[in-house]
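Residue numbering for the sequence shown follows the UniProt record's numbering, starting at 1 and increasing by one per position.
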Amino acid sequence: MSDTSIFIWLIAVAVGVLGCIPWLIVSAAKKRWRSLGIQIAAPVLLFAALLLVTRLIDHAGYRSYLNNVYDASVVLGPPVFEYNSERSFNGDGYSFEVYKLPDSVRSRLQAPDGRLFADFPKRPTYRDHWETKHWREAPLDPAFSEDLSFALSSYDESKATGLTEHFDNIRSSITRNGTFYSCFKYDPGDYPGNIDLFIVDLHAGRIYHINHNT
1 MSDTSIFIWL
11 IAVAVGVLGC
21 IPWLIVSAAK
31 KRWRSLGIQI
41 AAPVLLFAAL
51 LLVTRLIDHA
61 GYRSYLNNVY
71 DASVVLGPPV
81 FEYNSERSFN
91 GDGYSFEVYK
101 LPDSVRSRLQ
111 APDGRLFADF
121 PKRPTYRDHW
131 ETKHWREAPL
141 DPAFSEDLSF
151 ALSSYDESKA
161 TGLTEHFDNI
171 RSSITRNGTF
181 YSCFKYDPGD
191 YPGNIDLFIV
201 DLHAGRIYHI
211 NHNT
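And the structure:
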């Protein structure tokens, strides 16, 4: 859920609790059952409408996020593979997603230019303190090897069927032309600690999204 959606829900809950409960108590005490029913139904309908609105906001925000990653209008279908570890209270954990490569992203990366390599991906506001590594084409820059190793590591690798196979596919694809990679990263010290990694394999027709936080 985006920051905007969270803010909207906080306001709605605050208004609902502070504004509705006193009226409910008064109506119940005076046995105004019709009024009580309306006072219960109205917030329920309001929250249902609010749920729809916030989902639309989150969807639009995600579309904008993808457009700013790939410098293209992107619509991803359902993942062909997905793994999400448990997350700690502060968000530490691991997520790995594989998608079929959309035609819009394929077209953009088949004709890369200085704009793509210099300006994209663009960090979202919640990653303002992270570093951006703009798009580049494989073979992998040796300076990026440690970040890749960190991204392709999960304590649950042996428990997640298919994860190791996708790791191997990435390690193979990142050695040849036709594969592109970029990331947002934040290192707490002299070692990788947090990364959002994006990999596009034109040959296999796959997009990989990886998030690893520690």
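Ideal Cβ placement from N, Cα and C applies to all residues, glycine included.
Here the structure is a predicted model, which means the values were calculated and not measured.
DSSP three-state assignment for residue i, whether helix, strand or coil
i	result
G193	coil
E82	strand
F89	coil
T125	helix
R32	coil
V74	coil
F184	strand
R176	coil
F120	coil
D113	coil
D147	helix
Unbroken alpha helix (DSSP H) run spanning residue i, endpoints
i	result
F96	Per DSSP, F96 belongs to no alpha helix (DSSP H); it is in the beta strand (DSSP E), 93 to 100.
N169	163 to 173
S158	It is not in any alpha helix (DSSP H) - S158 carries neither H nor E in the DSSP assignment.
R108	103 to 110
Start-to-end residues for the beta strand (DSSP E) that takes in residue i
i	result
T132	131 to 137
H212	206 to 213
C-alpha distance - residue i paired with residue j, whole-angstrom precision
i	j	result
R87	S154	12 Å
L147	L197	The sequence shown places Asp at residue 147, rather than the Leu named in the question. If you take the alpha carbons of D147 and L197, they lie about 9 Å apart.
R34	A60	39 Å
P124	K133	14 Å
N84	I195	15 Å
F96	P79	10 Å
R206	D92	26 Å
K100	L46	37 Å
P102	S73	10 Å
D119	D128	15 Å
D187	V44	44 Å
Among the options, the one whose alpha carbon lies nearest that of residue i
i	options	result
E137	V75, H129, F117	F117
Y191	F144, E97, S172, T175	F144
S149	G193, W135, P188	G193
H209	P142, Y65, R115	Y65
G189	V75, W135, T214	T214
F184	K31, L51, A151	A151
Residue i CB to nearest heavy atom of the ligand SAM below 8 Å
i	result
Y70	Within the structure as shown, the ligand SAM is missing, as the structure has no ligands at all.
Segment contact, 8 Å Cβ cut-off, at least three pairs: the region 173 to 183 with the region 196 to 208: yes
Would you say the region 149 to 163 touches the region 110 to 118, given that touching needs at least three Cβ pairs under 8 Å? no
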